[in-house]
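One gets the working numbering by counting positions in the sequence shown from 1 and adding 45 to each. Beta carbons: idealized from backbone N, C-alpha and C, even for Gly. One structure is given below, encoded as structure tokens.
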Amino acid sequence: MSKTHSKKGSSWLIWDLHVHTPESDGYSGNWDEFETQIKNSKADVIGINDYCTVAGYKKIKERIQEGNLIIDEKVLLPVVELRMTESVQNKYTKTNGVTHFNFHVIFNPKVQTEDMETFIKNLKSNQTIIGEDYNDKIKLKQKKVSFWKLIEDLKTDKKFKDNFLIWLPYDEYGGIDPIDPRSDGWIKENFIKTADILGSRNQKQIDFFLWKSPKNKDGTPKFPQDDFKNWFEYKKPCLKGSDSHNKDYPVGQLRDANSKPTERYCWIKAEPTFEGLKQIKFEPDTRIHIGSEKPKMPVNKIDSITLDIKDDAKLGDDVFCFSGNNDSYDLSPYFNCIIGGRGSGKSTILNFLGQYSSNPETPDEFWAKVKPNFDPKDSSIFRFDGTEKFEYLAQSEIESFAKNEKQFTEAIYRRANRRSGDNLHTYETKIEGLKSTFSDIVQAIIQKEELDNQKSQKLKEKRTLESSLKVLESEEYSKLFGEVTEKSVTLQSILNSKDKVDELKISINEILPEYTEEEVGVQSEEEDSFSKAYSEAITKLREGLEILNQKNFVDANKYIESLQESIQQKEAKIKELLKKSNLSEENIEQIKSAPQAITIINSEIKNLESKVTEQRNVINQYSDTLSNIKKAREQYEAELDKALKPLLDLLSKQADRNEGKDIKEISLTYKFNSKEAWEQLTNDFYNIFESDGNERASDVCGFIIKHKHIFETDNLTKIQELIEEANKKDDKLYISFLNGIFQREDNFLLFKTIRDKHLYDVTEYKIINVRYGGTAIENASFGQKCTAVVVILLLFGNYPLIIDEPEAHLDSSLIANYLVPLIKEKKVDRQIIFATHNANFVINGDAEKIFILNNEDGTTSITETTIENLEHRPELMKLEGGKEAFEKRGDKLGIRSKLNQ
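Now the structure itself:
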């Protein structure tokens, strides 16, 4: 098998096992043309199929071995097409007569061609052996052999036992479909049970052999599973080939009803080997597909990992087991298993990856503990290609995941949100915006109180200054006072405008340095309109900055200076008048400057009033914000219930499918964490009013929580009465503290705002309660907790899931009978990577790629393989329960005896 074919493990390839050569009667073309046909084929695996002969296969193999034919990585399998002597009188079908049936024998190419040839030549047809006419392809096409005798002979010959597959056409030329089940049903059933593979491209027929019943009008299955078991014994894979007889036919492409080539192919997910083909018997649902495209693979996947570890790499004082490893390893997009003994480095590989997962804390702790002499996050040492978003659970982390209610809630929530089409995130964003408004209101209430205090102080200062101005009543003093006041008002107005200009210049300068011409490249017409508007706005800003340049305010600045000079002159005259009144120097300075100081204070008071109005406008948003967040919470909770429903349905379906044998029903319900919300809101409230007193936060918060039925109302009077009554009974510091706070309406509004911000914050305080068999997950047994976590993580999500030893603490029966089928179902949609000792995961989970880690003398080697790779099968048998797992895989087809030999 080629390196290219094995890189991703079991991969989807095009197989065409029905290709005739010039050795078949009716083939139009010569050998040169056939070889060209093979080389140009889209098929990766080609079955050289001729009537009663392997001469065509033998010849082309010789051509390849001699170096005269190069088919690159294409693989050839020997197939012999025969017609059976067994026949049926079809009483109720169109043929209304005797029908003989065709069948194919697919041989393992490891069997010597000469042995195949000898076997075929010795087959009897009409009392003579085929060998007598072996060189006459016209006669070979007409030969008939006993189907049952041939199978018996192959089974009893050691050279062929387990080295052949019987492919029986069903609804195609020479197929057994015309056998009437009413008259010869037992014959038809026996043919189907005996065949390894059936021939059909009809999807309804394919589904039927996979035990997928057609539906009744009420949606129920028309046939129970027991009927299928009686008819077929095991599920049967359906295979289709091109049946090419013509040099011009595109090998690999299947025919339509008119025998014309189509863009449909037979895809098989396996190594391109005979053993790979055999896997479709074990996994007929997932290993073979007929269609124009290979089956979908998970959208999000890690494609490969690369190690480049230096020879002197160490963990502490020990040599690092991967030192000197500088290889890249491709991962299957489906199910990957890393196996190996303890100390081989399985967890180490996953912890390299885990550093980049959505929960890197545990891998970081791992690396800190083992103390490498290198940086594990250094991309020159370890790197990976593919999606950068994936989940990782380290050893024993499944249990901690189950214990951490918030972490588990977030994991389920992320999955529910993806299923909702991100609708939950939309409502969450809305709620976050409303929470932000509540926070703004809280700050506005605090700011308004501070501004009110500042205004009161300014008014007090103003009254003091105004009183000082009444010391003189002369006409000259009054005139000077009026002139200073008038000029001060003018000066202050100009200075206020100047401040606005300076602030605007600063704001524009903060914007302009972020803009560069390179930001606007070649744009489409629609994009160009935006870029033009952007450029024009920047130009306008620069023009505005030029307008604000100081050189434009020379006259204004001179006027400011003249006003200041005039005020100073008049203040000097006032000072002279005041000196005549025998006032102290300190009083004279205060009174002299009072007119200008009062003007400044008036400006400051006006500014404070403007800011108070701004804060009041924010505070006035409370009612609308409360109404909106109530509505948003209702919408969010309804959407969350809606998003959880398909998860619940899927969990219920899984439990029903298992019939309670290995797993009980897991349920999910949304709940608001009121306890945590009240704890947090009371802490936030206390922190705002925290004083230097000796009251304890726990007492304050505890009192509010204890009486939350009062505090959750909007009745301040009831709260005041509650505190007053408590104060009578117990004169505690925290009661006095609360009494002081709730005497003011503004403080009550502050409390309500903080309260409502938390009590409607479903994004922060949501809990998704998990119950296992009706028991809350926190009260479930250790194994039940782990089961619930693994099942939920596997069922929900489409990003790669990496788990280190998922089998820890899980029941072996649960793994074999429930988790393995679940993995096979889910790996179609999401990449799964396990480090495991459990053979059931690896073998019966049908892992597409297996990494075998072996540590000898402190150095770990990594071998890449698949289930169908016989060279490394012994290593898989060494897994815990390895032999039993292969036997169980064989039990599905009644072939345990084959696996034991």
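* Secondary structure of Phe209, DSSP reduced to three states -> On the sequence shown, position 164 is the one that residue 209 refers to. In the structure shown, Phe209 sits in a strand (DSSP, three-state: E or B).
* To do: Can you grab the Cα-Cα spacing for the pair Arg934 / Val873, in whole Å?
  => Residue numbering aside, residue 934 sits at position 889 when the sequence shown is read from its first letter. Residue numbering aside, residue 873 sits at position 828 when the sequence shown is read from its first letter. Between Arg934 and Val873, the C-alpha separation is close to 20 Å.
* Asked: If you drop the 5 nearest sequence neighbours on each side, which residues of the same chain put their C-beta closer than 7 Å to that of Tyr805?
  -> Along the sequence shown, read from residue 1 onward, the residue named residue 805 stands at position 760. Ile674, Lys675 and Arg678.
* **Three-state class that DSSP yields for Lys52 in the structure shown** => Stepping through the sequence shown from its first residue, residue 52 is reached at position 7. It is coil, neither helix nor strand.
* To do: Helix, strand or coil for Glu852, going by three-state DSSP, please let me know.
  => In the sequence shown, residue 852 corresponds to position 807, counting from 1. Shown here, Glu852 sits in coil according to DSSP, grouped into three states, outside any helix or strand.
* Would you identify the three-state DSSP class for Arg587, choosing helix, strand or coil? => The count along the sequence shown starts at 1 and reaches residue 587 at position 542. Assignment of Arg587 by DSSP, reduced to helix, strand and coil, places it in the helix class.
* Could you name each continuous beta strand (DSSP E) segment of 3 residues or more that falls completely within the stretch 258–343, going from the start of the chain to the end? => 310–314 and 333–336
* **Spatial distance of Gly176 from Lys292 (CA atoms)** => In the sequence shown, residue 176 corresponds to position 131, counting from 1. In the sequence shown, residue 292 corresponds to position 247, counting from 1. One C-alpha to the other measures close to 27 Å.
* Could you check what DSSP says for Thr81 in three-state terms: helix, strand or coil? => Along the sequence shown, one-based indexing puts residue 81 at 36. Helix.
* At which residues does the beta strand (DSSP E) containing Val815 begin and terminate? -> Residue numbering aside, residue 815 sits at position 770 when the sequence shown is read from its first letter. Lys811 to Tyr817 is the extent of the beta strand (DSSP E) around Val815.
* Length of the line joining the Cα atoms of Phe879 and Gly385 -> Here residue 879 refers to the residue found at position 834 of the sequence shown. Here residue 385 refers to the residue found at position 340 of the sequence shown. Approximately 12 Å between the Cα atoms of the pair.
* Asked: If we count Cβ pairs, one from each stretch, closer than 8 Å, do we get three or more for the stretch 85–94 versus the stretch 117–130?
  -> yes
* To do: Taking Glu832 as part of the alpha helix (DSSP H), name the residues at either end of that continuous run.
  => As a position in the sequence shown, residue 832 is number 787, starting the count at 1. According to the sequence as given, residue 832 is Thr; it is not Glu. Start and end: Phe827 to Leu840.
* **Straight-line Cα distance separating Thr798 from Asn718** => Sequence index remark: in the sequence shown, residue 718 carries index 673 (1-based). Sequence index remark: in the sequence shown, residue 798 carries index 753 (1-based). Their backbone Cα atoms lie some 19 Å apart in a straight line.
* Have a look at Pro405, Pro282, Leu855 and Lys391 and flag the residue whose alpha-carbon is nearest the alpha-carbon of Ile26. => Only positions 46 to 946 of the chain appear in the structure, and residue 26 is not among them; the question remains open.
* Give me the Cα-Cα distance between Asp301 and Pro223, rounded to the nearest whole angstrom. => Position 256 of the sequence shown holds residue 301. Position 178 of the sequence shown holds residue 223. If I take the Cα positions, the gap works out to 20 Å.
* So is Ala456 buried or exposed if we call it buried at 16+ other beta carbons inside 10 Å? -> Counting from 1 along the sequence shown, the entry for residue 456 is found at position 411. Counting Cβ neighbours within 10 Å, Ala456 comes out buried, since at least 16 surround it.
* **According to DSSP, residues forming a beta bridge with Leu243** => Residue numbering aside, residue 243 sits at position 198 when the sequence shown is read from its first letter. According to DSSP, residue pairing for Leu243 in a beta bridge involves Leu213 and Cys283.
* Classify Asn180 as helix, strand or coil using the three-state DSSP reduction. => Walking along the sequence shown from the start, residue 180 turns up at place 135. Correct three-state label for Asn180: coil.
* Bounding residues of the beta strand (DSSP E) (the contiguous stretch that carries Glu436) -> Sequence index remark: in the sequence shown, residue 436 carries index 391 (1-based). Run containing Glu436: Glu436 to Leu438, per the beta strand (DSSP E) assignment.
* Pull up the DSSP beta-bridge partners for Ile384, would you. => Taking the first residue of the sequence shown as 1, we reach residue 384 at position 339. DSSP output for Ile384 lists Ile897 as bridge partner(s).
* To do: Compute the beta-carbon to beta-carbon distance between Gly244 and Leu195, rounded to the nearest angstrom, for a pair I have assumed lies under 8 Å.
  => As a working note, residue 244 is residue 199 in the sequence shown. As a working note, residue 195 is residue 150 in the sequence shown. No, Gly244 and Leu195 are not in contact; Cβ-Cβ is about 17 Å, not under 8 Å.
* Beta-carbon gap between Ser37 and Thr905 smaller than 9 Å -> With the chain covering 46 to 946 only, the question about residue 37 has no answer from this structure.
* Asked: Opposite Ala880 in the DSSP bridges: which residues?
  -> Sequence index remark: in the sequence shown, residue 880 carries index 835 (1-based). Paired residue(s): Ile383 and Asp849.
* Asked: When the distance is taken between beta carbons, is Ser402 closer than 9 Å to Phe435?
  -> As a working note, residue 435 is residue 390 in the sequence shown. As a working note, residue 402 is residue 357 in the sequence shown. Contact flag set, yes.
* **DSSP three-state assignment for Leu593, whether helix, strand or coil** => Counting from one through the sequence shown, the residue named residue 593 turns up at place 548. In the structure shown, Leu593 sits in coil (DSSP, three-state: anything other than H, G, I, E or B).
* When you compare only the Cα positions, how much space is there between Asn261 and Lys267? -> For the purposes of this step, residue 261 is taken as the residue at position 216 of the sequence shown. For the purposes of this step, residue 267 is taken as the residue at position 222 of the sequence shown. Straight-line Cα distance between these residues: approximately 5 Å.
* Thinking C-alpha only, which one of Glu606, Asp547 and Tyr72 is nearest Leu536? -> Working through the sequence shown from its first residue, we reach residue 536 at position 491. Among Glu606, Asp547 and Tyr72, the Cα nearest to that of Leu536 belongs to Glu606.
* Beta-carbon gap between Leu695 and Tyr715 smaller than 9 Å -> The residue you call residue 695 lines up with position 650 of the sequence shown. The residue you call residue 715 lines up with position 670 of the sequence shown. Not closer than 9 Å, so no.
* Asked: When burial is assigned at 16 or more other CB atoms within 10 Å of the CB, is Thr584 buried or exposed?
  -> Within the sequence shown, residue 584 is the residue found at index 539, counting from 1. Counting C-beta atoms within 10 angstroms of its own C-beta, Thr584 has fewer than 16 neighbours from the protein chains shown and is therefore classed as exposed.
* Mapping DSSP to helix, strand and coil, what is Ser402? -> As a position in the sequence shown, residue 402 is number 357, starting the count at 1. It is coil, neither helix nor strand.
* Using the beta-carbon count (16 or more within 10 Å), is Lys136 buried or exposed? -> One-based indexing of the sequence shown puts residue 136 at position 91. With a pLDDT of only 47 at Lys136, under the threshold of 50, the placement of this residue in the model should not be trusted; the figure read from the coordinates follows. Exposed.
* Asked: Are at least three pairs of beta-carbons, each pair with one atom in the stretch 342–349 and one in the stretch 424–432, less than 8 Å apart?
  -> A contact between stretches requires three or more CB pairs, one per stretch, nearer than 8 Å, and the stretch 342–349 meets this requirement with the stretch 424–432.
* To do: Determine the closest residue to Asn760 out of Phe793, Val745 and Lys751, with distance taken between C-alpha atoms.
  => The count along the sequence shown starts at 1 and reaches residue 760 at position 715. Comparing Cα positions, the closest option is Phe793.
* Kindly indicate which residue of Gln502, Ile232, Asn900 and Glu929 has the alpha-carbon position closest to the one of Asn370. => By 1-based counting over the sequence shown, the position of residue 370 is 325. Looking at the Cα atoms, Asn900 is the closest of the given residues.
* To do: Assign Lys189 to one of two classes, buried (16 or more other C-beta atoms within 10 Å of its C-beta) or exposed (fewer than that).
  => Counted from its first residue, the sequence shown places residue 189 at position 144. Note on Lys189: 16 or more other CB atoms within 10 angstroms of its CB, so buried under the neighbour-count rule.
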